[in-house]
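> The structure under discussion is supplied below as structure tokens; questions concerning it will follow.
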Amino acid sequence: MKKITFSFLFLFSMMTAFAQDYKVVDDGSSIKFKLKNFGFNTGGTFSGLQGNIHFEENDPATASFDVSIDANSVNTGIDMRDNHLREEDYFDVKKYPRIHFVSTNVKSTSKQGSFIISGKLTIKDVTKDISFPFTVVQSNADYVFQGEFKINRKDFHVGGSSTVSDNVTITLTVVAKK
């Protein structure tokens, strides 16, 4: 019985030792968005990235991503516009301070280092299922995840202006450290 208990504890500790758990870091990461306003390309960034990632490149089915950004950090380079985006009709940052993504599934593709992630994106009071491709580059013991996806801002009750395009492209570079 002692041998079985010892074997079980040894196996469990080995699995834990090889688990690939990472902390998302804001430094070096970037969250960019772009859309059209009055027909012209415009965009901005978010910061305040936080979260946890469990990732093993050879076993993507076990991956999990739980990541959020500070909605108040929206930055278009124009203070007046940024303040307007923080208000109730856009991000309503007083009531909904974080934009949150939780993965539900990760699959590898035929291309090395390329994956498809599915999950739930929550902006304000709306949660929607999204999927998008991403790539992974290992840097020493850390990872850099990059991806891009499009959403319809009105699906998330963000803004109402008819001069702003409904479709927003989000480009991610997420640095995750052990």
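Number 178 marks the last residue of the sequence shown (this note's numbering); no jumps.
Each residue gets a CB set at the ideal place from its N, CA and C atoms; glycine is no exception.
Small disclaimer: the values here were computed from a predicted structure and weren't measured.
Straight-line CA distance for N136 to K107?
On the sequence shown, residue 136 is found 136 positions in, with the first residue counted as 1. On the sequence shown, residue 107 is found 107 positions in, with the first residue counted as 1. The question names Asn, but residue 136 is Val in the sequence shown. Whole-angstrom Cα-Cα distance: 13 Å.
> To the nearest angstrom, how far is the alpha carbon of K150 from that of V24?
By 1-based counting over the sequence shown, the position of residue 150 is 150. By 1-based counting over the sequence shown, the position of residue 24 is 24. Each residue's Cα considered, the two are about 22 Å apart.
> What's the C-alpha gap between K36 and I170?
Locating residue 36 in the sequence shown gives position 36, where the first residue counts as 1. Locating residue 170 in the sequence shown gives position 170, where the first residue counts as 1. If I take the Cα positions, the gap works out to 13 Å.
> Tell me E57's beta-bridge partners as DSSP assigns them.
Mapped onto the sequence shown, residue 57 falls at position 57. E57 pairs with nothing; no bridge assigned.
> Would the region 125-143 count as touching the region 160-167 if we require 3 or more Cβ pairs under 8 Å?
Because the criterion of three Cβ pairs below 8 Å is not met, the region 125-143 and the region 160-167 do not touch.
> Can you tell me which of N152, R153, F145 puts its alpha carbon nearest to the alpha carbon of N52?
Translated into the one-based positions of the sequence shown, residue 52 becomes position 52. Out of N152, R153, F145, F145 has the C-alpha closest to the C-alpha of N52.
> If we ignore side chains and look at the alpha-carbon of each, how far apart do A61 and R153 end up?
Against the sequence shown, residue 61 aligns to sequence position 61. Against the sequence shown, residue 153 aligns to sequence position 153. Computed Cα separation, rounded: 30 Å.
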